[in-house]
Structures are given as C-alpha cells and as structure tokens.
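Residue numbers (the working numbering): 82 to 366.
Cβ atoms here follow ideal geometry from the backbone N, Cα and C, with glycine treated the same way.
This structure is a prediction, so every number in the text was calculated from the model and none was measured.
Notes follow once the structure below has been shown.
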C-alpha cells in the first residue's frame with residue numbers, strides 16, 4: 082500500500098533555517114497511522130535543553146492524537162493528509178513538518194520501522210561513569226520518567242518516599258506506580274569521594290530493605306501513606322567503581338552490596354543500561 086510520511090523537525094533558529102529531525106509520522110487517508118519521536122541529545126538545541134523536554138507536552142499531544150485515531154473516525158479528531166498539511170502550514174515556529182513523501186509498505190508501522198533508523202535515530206553518547214554523582218543520577222532518572230515517559234509527579238511518580246518498618250525509618254530515591262503496584266528505586270555510585278559514608282549509607286539502606294522484605298512497611302508517597310506487603314519490586318541503579326583511589330575498599334563495598342541485593346531480591350541494574358533501556362521505551366511509545 083502507498084503511504085505518505087512527514088518528518089517532524091526541530092528548528093532552533095528559524096532565521097538561520099538549521100534543523101534536526103526529531104520525529105516521523107506515516108499514514109494514508111482511511112488507513113492506519115503511526116508516529117515516533119526521538120528528542121534525546123539534540124545537537125544545537127538553541128535555548129532549550131538537549132532533550133527538548135520543553136516540547137514534551139506538544140509531543141505527547143501529537144502522539145495521543147495519532148494513536149487514538151481510527152480509520153472509521155471522521156470527527157474533529159480525524160487524522161488525515163489534509164490535517165497534516167494544515168499543521169505543516171501552521172507550524173512555522175520551532176517545530177515544523179517536511180513536505181509529504183510517498184513510501185510503499187504493508188502498514189504504517191512497517192514504514193515507520195524502515196524510515197526511522199535512517200531519518201531520525203542518533204548516536205547517544207555514553208555517560209562518563211566516574212563523573213556521575215548520586216544527585217545527578219537521581220535527577221536523570223526523575224527526568225526520564227517525568228519528561229520522556231510521562232509519569233506525573235505526585236500521582237504516578239514520587240520523589241524521596243519515606244519508608245517505615247517497625248521502628249526503622251529510611252527513604253528511597255524514587256517510587257513510581259504501575260498497574261501491578263508500586264516500584265521502588267534507589268541510585269548508587271561507588272565512585273563517591275568518602276567511602277566511610279558510602280559504606281554506612283548502603284549498609285543502612287540494605288538493612289531497611291531486608292526488614293521491609295520480612296515485615297512489609299508503610300510508605301509515605303507525598304501526603305499519602307500506603308502499606309506495602311514487602312514483595313514489591315525494588316531497583317538498585319548503580320555506577321560500578323572505576324576510581325583508582327582506595328580501589329580495593331571500593332570493590333569490597335560494591336561486591337558486598339551486590340550480594341545483599343541478590344539475597345533481598347533487589348534488581349541491580351547498571352546506570353547506563355537502565356537509562357538507555359527505559360528511554361527506548363519512551364522513543365517507541
């Protein structure tokens with residue numbers, strides 16, 4: 082079947098005319114439609130952040146409009162070539178559409194899969210693990226869920242949730258709610274400057290987790306308190322030790338943490354892998 086596709090472009094400076102391809106929409110009148118975006122690590126983002134999070138509301142709206150369309154829909158929510166051409170004529174700002182071009186494919190999704198790697202996908206630089214701070218990890222994970230995966234702070238995304246298990250109290254870096262229940266996440270870097278503090282903090286958190294697994298606990302999610310049974314998924318996102326200072330001590334702390342996480346059924350995931358895996362979910366949603 083013959084489809085049309087439009088490339089969605091980010092234009093940081095309209096006068097200069099430079100642009101970066103950030104999305105693609107494919108479809109045909111009366112048939113199926115598909116769209117996908119990649120807004121990470123945009124070169125020359127102008128006044129915006131390199132992940133273009135300021136455009137997240139527009140991207141979310143556009144995705145929802147195309148995803149909700151049915152070929153039998155003819156109301157105002159209809160998606161058609163005329164609608165795309167109307168957007169193309171109207172979008173004379175930092176988000177613009179290319180002229181439509183034809184492509185032969187069995188479905189809009191197949192056309193999208195063929196075109197996206199060539200027109201949109203970019204290489205993503207790996208983060209320098211030794212230079213990543215725990216605070217930076219927390220911020221990156223929060224931004225990933227809030228801006229790329231559309232979690233809502235205070236509703237489906239909670240920062241620094243407090244956990245009470247008996248007389249023990251502690252915090253997690255983040256909690257998010259899924260249809261299956263809450264998931265708790267903590268971030269750790271083993272390249273911290275002060276190893277005494279790192280070892281103490283990890284041991285304290287691991288003890289809280291072990292007690293939680295045994296007895297359950299009460300989680301405070303913003304202003305709401307929720308009792309958790311203790312079997313909820315827990316993630317430990319980590320940067321493994323690469324700093325040479327006190328390398329033997331760092332390695333001991335790291336290996337002890339991995340052992341404790343394994344025994345407590347904590348999913349341990351390297352930071353880069355965690356960010357890349359979850360970000361790819363946002364790209365394909």
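Closest in C-alpha terms to residue 118, from the list 89, 98 and 95, comes 89.
If you look at residue 190, you'll find it in the alpha helix (DSSP H) that goes 189-200. Residue 183 is a Cβ neighbour of residue 85, given a cutoff of 7 Å.
Straight-line spacing of the CA atoms in residue 178 and residue 295 works out to 55 Å. Residue 217: member of the alpha helix (DSSP H) spanning 215-224, first to last residue. The bridge partners DSSP lists for residue 258 are 263.
Residue 317 and residue 310 have their C-alpha atoms some 19 Å from each other. Around the beta carbon of residue 247, fewer than 16 other beta carbons lie within 10 angstroms, which makes this residue exposed. In this structure, the alpha-carbon of residue 356 lies about 16 Å from that of residue 264. Judged by DSSP in its simplified three-state form, residue 299 adopts strand. Shown here, residue 306 sits in a strand according to DSSP, grouped into three states. Judged by their CB atoms, residue 276 and residue 249 are not nearer to each other than the 7 Å cut-off.
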